[in-house]
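Q: The structure under discussion is supplied below as structure tokens; questions concerning it will follow.
Residue numbers (our numbering): 295 to 693.
This is the structure in structure tokens:
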């Protein structure tokens, strides 16, 4: 099977080079999700993956042209950069369609499928158009619903132009042949025609199997790590207040990432010496620090409507590290996860404080055993190869 994957996942070399650029538009979570899935699919026997990337990400990437023979390769995956001459939306769609048709013709003797990040409207529309013309199955990867992307999670508060964009995006999404969802609730919201779908929540990196998490390598202090989007809406403000209020001895809160609460965090760290802001770091650096921590925490509130339709990628990243996770009961999280994490029962400053105190007062051995059980679970059930295989098996059924 030959898969054309349309997304913003560029090779690691380019990503790390441009990650701190002001014109760089890929979120770390989206990048890691797509790259892990691409790697997982490419390691399935009988599956070959090509990746089509729009180079509007950064002007410096425009040196890579799809039609001049320049291709970047990584992990047996070829990355093609879409030609972009400051094209309009219609122009971008034409460029996508030209490439997809050329790619399809090149691989006409193989079973082909198009996998697409549905939030890329130009790529999605192009995939749908070509799939109808050439009878190729399409798979829509739905990591977020369009209405929950952006500063306003309440659809009614969004400007008219944004509402129109969301409607157009949803109309296009529903035309895919099949879907990959992160939660079962997404299917109810999107798949009104009962098309084939699978739910994968996300995936962990199979390569973490060889990464050791040892008690003797832990920090001497009880280090609690939060990594990810530093948006107030994601509970980071409550977490900081809870940590300060807990007054835990020999404990530190380390924070990685960027977002709308960053400035406040930097100011808090000037007076709270046990809270350390580490800034935006490469994922490989963050993972190494997770291995040395006592606990990892995700305080994202579960009462917001959007949480039914999302599964934070950090949950699986945390669990596969082998360091125990403290998390809220997110509605998109299946109950099979509950025995492998510590749950925040009350989503308030006091509730998070209580969870922190109860967990960090457990013995090092008990915490380590909990974390390693979680790692074993996700490596077996949720790795990027096994989850990718669910998608491949779904494609086979619709061909």
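Ideal Cβ placement from N, Cα and C applies to all residues, glycine included.
Do residue 513 and residue 586 have their C-beta atoms within less than 8 Å of each other?
A: The sequence position of residue 513 within the chain shown is 219, counting from 1. The sequence position of residue 586 within the chain shown is 292, counting from 1. Against a cut-off of 8 Å, the Cβ pair of residue 586 and residue 513 comes out as a contact.
Q: How many angstroms separate the CA atom of residue 427 from the CA atom of residue 407?
A: The count along the chain shown starts at 1 and reaches residue 427 at position 133. The count along the chain shown starts at 1 and reaches residue 407 at position 113. Near 13 Å, if we compare the C-alpha coordinates of residue 407 and residue 427.
Q: Go through the stretch 576–654 residue by residue and report every complete run of the alpha helix (DSSP H) that reaches 4 residues or more, in order.
A: Taking only runs of at least 4 residues, the alpha helix (DSSP H) segments lying wholly in the stretch 576–654 are 577–586, 607–615 and 643–654.
Q: Please report the distance separating the alpha-carbon of residue 658 from that of residue 368.
A: The residue you call residue 658 lines up with position 364 of the chain shown. The residue you call residue 368 lines up with position 74 of the chain shown. Cα to Cα, the separation comes out at about 39 Å.
Q: Are the beta-carbon atoms belonging to residue 563 and residue 650 less than 8 Å from one another?
A: The residue labelled residue 563 in the question sits at position 269 within the chain shown. The residue labelled residue 650 in the question sits at position 356 within the chain shown. It is not a contact, given that the beta carbons lie outside the stated cut-off.
Q: Could you tell me the distance, in whole angstroms, from the CA atom of residue 530 to the CA atom of residue 555?
A: Within the chain shown, the letter at position 236 stands for residue 530. Within the chain shown, the letter at position 261 stands for residue 555. Spanning the two alpha carbons is a distance of roughly 8 Å.
Q: Grouping DSSP H, G and I as helix and E and B as strand, with all else coil, what is residue 573?
A: Numbered from its first residue, the chain shown carries residue 573 at position 279. Looking at residue 573 - three-state DSSP - the assignment turns out to be strand.
Q: If you draw a straight line from the alpha carbon of residue 385 to that of residue 397, how long is it in whole angstroms?
A: Position 91 of the chain shown, counting from 1, holds the residue named residue 385. Position 103 of the chain shown, counting from 1, holds the residue named residue 397. Residue 385 and residue 397: Cα-Cα distance of roughly 18 Å.
Q: Which of the three DSSP states, helix, strand or coil, is assigned to residue 296?
A: Looking up residue 296 in the chain shown gives position 2. If DSSP states are grouped into helix, strand and coil, residue 296 belongs with the strands.
Q: Taking all protein chains shown into account, do 16 or more other C-beta atoms lie within 10 angstroms of the C-beta of residue 487, making it buried, or fewer, making it exposed?
A: Taking the chain shown and counting its residues from 1, one reaches residue 487 at position 193. Looking at its Cβ environment, which holds fewer than 16 other Cβ atoms inside 10 Å, residue 487 is exposed.
Q: Could you check if residue 499 is buried or exposed, using at least 16 other CB atoms within 10 Å of its CB as the buried criterion?
A: Taking the first residue of the chain shown as position 1, residue 499 is located at position 205. It counts as buried.
Q: Just list the residues that DSSP pairs residue 547 with in beta bridges.
A: Within the chain shown, numbered from 1, the residue matching residue 547 stands at position 253. Note: residue 547 sits in a beta bridge opposite 518 and 569.
Q: Would you give the residue range spanned by the alpha helix (DSSP H) that residue 416 belongs to?
A: Looking up residue 416 in the chain shown gives position 122. It spans 415–428 - the alpha helix (DSSP H) in which residue 416 sits, taken as one unbroken run.
Q: Classify residue 432 as helix, strand or coil using the three-state DSSP reduction.
A: Sequence index remark: in the chain shown, residue 432 carries index 138 (1-based). Residue state, collapsed to three classes: strand.
Q: Could you have a look at residue 674 and say whether DSSP puts it in helix, strand or coil?
A: Within the chain shown, residue 674 is the residue found at index 380, counting from 1. Helix, per DSSP.
Q: I need the boundaries of the beta strand (DSSP E) containing residue 473, first residue and last residue.
A: Here the question's residue 473 lines up with position 179 in the chain shown. Its beta strand (DSSP E) spans residues 472–475.
Q: Only counting the same chain, and skipping five residues up and downstream in sequence, which positions put a Cβ closer than 6 Å to that of residue 495?
A: Start at 1 with the first residue of the chain shown, and residue 495 comes out as number 201. Closer than 6 Å at Cβ, skipping near neighbours: 476 and 605.
Q: Look at the Cβ atom of residue 536, then the Cβ atom of residue 516, and state whether they are nearer than 8 Å.
A: Against the chain shown, residue 536 aligns to sequence position 242. Against the chain shown, residue 516 aligns to sequence position 222. No, the pair does not count as a contact, with Cβ atoms beyond the cut-off.
Q: Three-state secondary structure (DSSP) at residue 698?
A: The structure shown does not extend to residue 698, since the chain is modelled only from 295 to 693, so the question has no answer here.
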